[in-house]
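The letter at position 57 of the sequence shown is residue 143 when you use this note's numbering, and the numbering goes up by one with no holes. Notes for the one structure printed next.
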Amino acid sequence: MGATPRGETALRHLVRLAAGTAVHTLRGTLPVEALREGDRVIARSGAIRLERVWLEAPRDVEVVHVGAGTVAHGRPEGAQRIPADQPLLLRGERADLVYGRSPVTVPARRIVDGRLTRLLRVPDLRLVTLAFAAPAAIQAGDLEPVTCPESAAASA
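This is how it looks when you write it as structure tokens:
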């Protein structure tokens with residue numbers, strides 16, 4: 087966690103994405119591993135500053151393989167992989183039909199249907215963690231991952 091001007095510890099809000107995931111920024115759409123501290127990432131609330139970014143290579147990671155067009159009509163445009171515990175913001179008819187409201191935030195594993203959206207165990211996966219100063223739903227490919235407070239993300 088980062089230090090505030092008065093020496094207090096500031097809570098960071100984290101998103102974890104598979105390397106190669108396209109993230110929308112003010113510099114354009116970039117692979118998540120190309121992002122740098124200070125980049126402005128496009129979020130639902132506007133552009134937010136990326137406070138910190140780091141790469142991990144955990145073993146035996148559960149990911150959700152999200153097939154093209156399975157979240158909403160035409161979304162995502164192509165298949166995407168996202169850590170199973172990463173919260174996603176879902177909107178539209180499917181969210182309303184499946185969860186009884188729209189928008190709704192659910193862990194990626196809750197959208198698994200076993201056919202078009204599958205839970206996979208990947209032996210080696212590079213994950214990139216993005217840290218922000220405030221909660222946000224960012225635009226990553228055609229999905230909207232939602233930040234988790236650092237303490238919750240660490241225990242997931």
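Glycine included, C-beta positions come from ideal geometry on N, C-alpha and C.
For residue 98, three-class secondary structure by DSSP | coil
Tell me where the beta strand (DSSP E) around residue 133 begins and ends.
-> 132 to 142
Can you round the beta-carbon distance between residue 100 and residue 149 to whole angstroms, since I take them to be within the 8 Å contact cut?
-> Not a contact, Cβ separation roughly 17 Å.
Which of the three DSSP states, helix, strand or coil, is assigned to residue 180?
-> Secondary structure of residue 180 (DSSP, three-state): helix.
Should residue 165 and residue 184 be called a contact, given that it needs their Cβ atoms to be closer than 8 Å?
-> no
Just list the alpha helix (DSSP H) runs in the segment 162 to 220, keeping only unbroken ones of 4 residues or longer that don't cross its boundaries, in chain order.
-> 179 to 185
Can you give me the Cβ contacts of residue 140 inside the same chain, cut-off strictly under 7 Å, excluding the 5 residues immediately before and after it?
-> The beta carbon of residue 140 is closer than 7 Å to those of 215 in its chain, skipping five residues each way along the sequence.
According to DSSP, is residue 103 helix, strand or coil?
-> strand
Nearest CA to the CA of residue 230: which residue from 213, 176, 156 and 211?
-> The shortest C-alpha separation from residue 230 is found at 176.
From residue 169 to residue 134, what does the alpha carbon distance come to, in whole angstroms?
-> 22 Å
In three-state DSSP terms, what is residue 148?
-> strand
Might you give, ordered along the chain, the residues of its own chain that have their beta carbon closer than 8 Å to the beta carbon of residue 137, omitting 5 neighbours on each side?
-> 88, 98, 123, 217, 218 and 219
Euclidean distance between Cα positions of residue 163 and residue 228 | 7 Å
What is the DSSP secondary structure of residue 108, reduced to helix, strand or coil?
-> Strand, per DSSP.
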